[in-house]
Amino acid sequence: MKQGFRQSMAWLHTWGGLLCTWLLFAVFFAGSLSFYREELTLWMQPELHQAQRGGDDGLAAALAVLQQRAPQARSWTIALPGPRDPVIEARWSHGKFDRKAVVVLDPATGRALEPRETVGGSFFRNFHFSLMLKRTGYWIVGVATLMMLVALITGVVIHKKIFKDFFTFRPGKSRPRAWLDVHNATGVMALPFLLTITYSGLLTLAYVYMPAGMIAAGIDSERFLGEISPRQEPPEARGGKPATLTALAPLLEQARRHWQGAAPGSVTIHHPGDIAAVIDVARRRGTGITARIEPVMRFDGVTGRLIAAQEQSAAGAVTYGAMYGLHVAWFAEPFLRGLLFVMGAMGCLVIASGAVVWGAKRREQHGATHAAAGYRAAESLNVAGIAGMAVATAVLLWANRLLPVELAERALAERQWFFGAWLLCLPHALLRPRVAAWREQLWLAAILLALLPFAVRFSGGLSLPQALLQGRGAVAGVELAALAFAALLAWAGHRIASVKPAPPRARRARPLSEAAA
Amino acid sequence: MMLAALMLVYAGWMALCLAMTRHQRPLLQRELGRRASALLRAGGASLLLLGLAAALCAQGWQIGPVAWVACLAVSGIALVLTLPYRPRACLRFAGLALALAPLLAAWA
Chain A
1 MKQGFRQSMA WLHTWGGLLC TWLLFAVFFA GSLSFYREEL TLWMQPELHQ AQRGGDDGLA
61 AALAVLQQRA PQARSWTIAL PGPRDPVIEA RWSHGKFDRK AVVVLDPATG RALEPRETVG
121 GSFFRNFHFS LMLKRTGYWI VGVATLMMLV ALITGVVIHK KIFKDFFTFR PGKSRPRAWL
181 DVHNATGVMA LPFLLTITYS GLLTLAYVYM PAGMIAAGID SERFLGEISP RQEPPEARGG
241 KPATLTALAP LLEQARRHWQ GAAPGSVTIH HPGDIAAVID VARRRGTGIT ARIEPVMRFD
301 GVTGRLIAAQ EQSAAGAVTY GAMYGLHVAW FAEPFLRGLL FVMGAMGCLV IASGAVVWGA
361 KRREQHGATH AAAGYRAAES LNVAGIAGMA VATAVLLWAN RLLPVELAER ALAERQWFFG
421 AWLLCLPHAL LRPRVAAWRE QLWLAAILLA LLPFAVRFSG GLSLPQALLQ GRGAVAGVEL
481 AALAFAALLA WAGHRIASVK PAPPRARRAR PLSEAAA
Chain B
518 MMLAALMLVY AGWMALCLAM TRHQRPLLQR ELGRRASALL RAGGASLLLL GLAAALCAQG
578 WQIGPVAWVA CLAVSGIALV LTLPYRPRAC LRFAGLALAL APLLAAWA
């Protein structure tokens, strides 16, 4: 290449970025929503809205249910309620994981609840790293993530006036200039976040992308992950003699003291009702910055004697746990979680504004009437990839409220509504003029989100005023956020609608590489 | 305490912004001398560091730095995107933030 270093970097930034724009936007969008995975899951299960913590947090009720439903199970696991998850979950296992072997209880009353089958907030989490395509998806997202890292670094290289333009935003200037200011300012302000989330995102799946070390050590990914998560060895065989299980509450208290006040998150009882019963108490996740390496304490199930308290994870596991923890942010309390969500939205804004700058520059160079098929297709993909994502999300939330509860494969149906709506946005964007396509999709999403608080009529659960009065932050928060986004999208649609197409410039615009700098 | 960190960082960004000749006219209707600009730059940097201290107090050494970076990004973009529309309001808010920060720190 004959050009200088900076110009080739500008080329890489522009075209490499463009190639991955739509995918990266979807990943950042769904990833940002994943910061509120548990809140979304709760909102999507109106049957659980009334659940409340209290008393022994439903421990006795959970044990009674397990005793009644699965007295012969190999193990019982009780997931305790936490600050973001109000219900208690009792699972049992006969050796293999069974999705259906679970009872959800209201911790305050001990009553069994029957939540609807739903994709829950986990949908966004799973979608953002797998696109629901399993391993193929991991690789597609991995390549795009690598491109994001390249775009961040080339972006810093080609941004000549990174300090001089630090606070610069000139909405009065030409469209591409103003959007480039937004792109630059957001990118610079969020750079530490963007670098961290991109790099740690790659690392969370490093065992998929770079398995050489594992292969050399002769282990598979399951074993690798098993060695990272601290686990007590599987307990000895059943004793064969029945015995009464020791009381759980004192063990939980002992564990809490041992972890200097950090709460236990789950209790696993191996061989319940047997003389050889063993109880593992795991610390609640999100106590420190690390994730996936929560320590486990093991007790004798009959005497309650402490058998082992696993303390330190290996350095490699802690490193992985810290990078993983930075990515998933289980440590974040509500205020910090909000800031993280805003930073995720800034990531979306960087990507979306980059796409808008690209389109605006093309139009500036070639005139508003220019309609080469390639540019037209790219612009339509911008609309469907950005505004369409909002439409699809709103449709998914509505599907969650409207689909009959007794529908078979209900979660799958919700997913199909999401992807169906998203797919339909593409032909719409291709068929309608550019500005009209933006406006209609933004407004459609705005209307769907604005009406979302009324969906409670079809599903039961807490309405927005009830949730506010009873102080149910998660339920109220999701609906208030929907209203806020509705306002934002409506405003964006209005702004786009009021834009007059710029007359084509007389002189040829500067080359992109120069203008981008 | 986290709110105090956010306020300190916002005020810090504003001081750094005021230290730049380009932003002085729309914000102050005049240009500051070299000395005043240097003082503002030092003050702004100190406020950002004070914000780090507040974040560390609130969240500890593991999570505090993450919280600080989050404050930097969120208050920074809020400042940049509103500055051209309401420069005076941004300035007033920065003053208010600076005044509120110690109260917020003492309160929580």
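Line by line, the protein sequences are chains A and B. Quick note: the first sequence uses our numbering, first residue 1, plus one each step. Quick note: the second sequence uses our numbering, first residue 518, plus one each step. The C-beta atom is built at its ideal place from N, Cα and C for all residues, glycine as well.
Item, Value
"CB contact below 9 Å: G593 of chain B versus chain A", "yes"
"DSSP three-state assignment for A506 of chain A, whether helix, strand or coil", "Because A506 of chain A sits at a pLDDT of 41, beneath the cut-off of 50, its placement in the model cannot be relied upon, and the following sentence gives the value as read from the coordinates. The answer is coil: DSSP assigns A506 of chain A none of H, G, I, E or B."
"Proximity test, Cβ basis, 9 Å: C588 of chain B and chain A", "yes"
"Cβ of L340 of chain A within 9 Å of any chain B Cβ", "yes"
"C-beta neighbour in chain B for F331 of chain A, strict 9 Å", "yes"
"Given 8 Å, three or more beta-carbon pairs between the segment 411 to 431 of chain A and the segment 453 to 469 of chain A", "no"
"Supposed contact pair W92 of chain A and L66 of chain A - C-beta distance, whole angstroms, cut 8 Å", "6 Å"
"Spatial distance of C588 of chain B from A384 of chain A (CA atoms)", "32 Å"
"Chain B contact residues for T186 of chain A, given Cβ-Cβ distances below 7 Å", "I594"
"Which listed residue (A:F454, A:T168, A:L402 and A:W22) has its alpha carbon closest to that of H128 of chain A", "A:W22"
"Backbone CA spacing between R292 of chain A and L402 of chain A [nearest angstrom]", "36 Å"
"Cα-Cα separation between V526 of chain B and A618 of chain B, rounded to whole angstroms", "10 Å"
"Beta carbon proximity, M631 of chain B to chain A, threshold 9 Å", "The structure shown has nothing for residue 631 of chain B, since chain B only spans 518 to 625."
"Cβ of R539 of chain B within 9 Å of any chain A Cβ", "yes"
"Beta carbon of V150 of chain A nearer than 9 Å to that of G347 of chain A", "no"
"Residue span of the alpha helix (DSSP H) that contains W11 of chain A, given as start and end", "F5 to W11"
"Residue of A:A309, A:Y324 and A:D98 minimising C-alpha distance to G316 of chain A", "A:Y324"
"Start and end residues, alpha helix (DSSP H) containing V188 of chain A", "R175 to M189"
"Closest by C-alpha distance to A446 of chain A, when choosing among A:A392, A:I78 and A:R284", "A:A392"
"Alpha-carbon spacing of V532 of chain B relative to L615 of chain B, whole angstroms", "The sequence given here places Ala at residue 532 of chain B; Val does not occur at that position. If you take the alpha carbons of A532 of chain B and L615 of chain B, they lie about 11 Å apart."
"9 Å Cβ cutoff, Y527 of chain B in contact with chain A", "no"
"Residue closest to T538 of chain B, alpha-carbon to alpha-carbon, out of A:F167, A:T77 and A:H49", "A:F167"
"is_contact[L598 of chain B, chain A] using C-beta, thresh 9 Å", "yes"
"Partner residues on chain A for A584 of chain B, Cβ-Cβ distance less than 8 Å", "L336 and L339"
"Per-residue DSSP class, three states only, for F335 of chain A", "helix"
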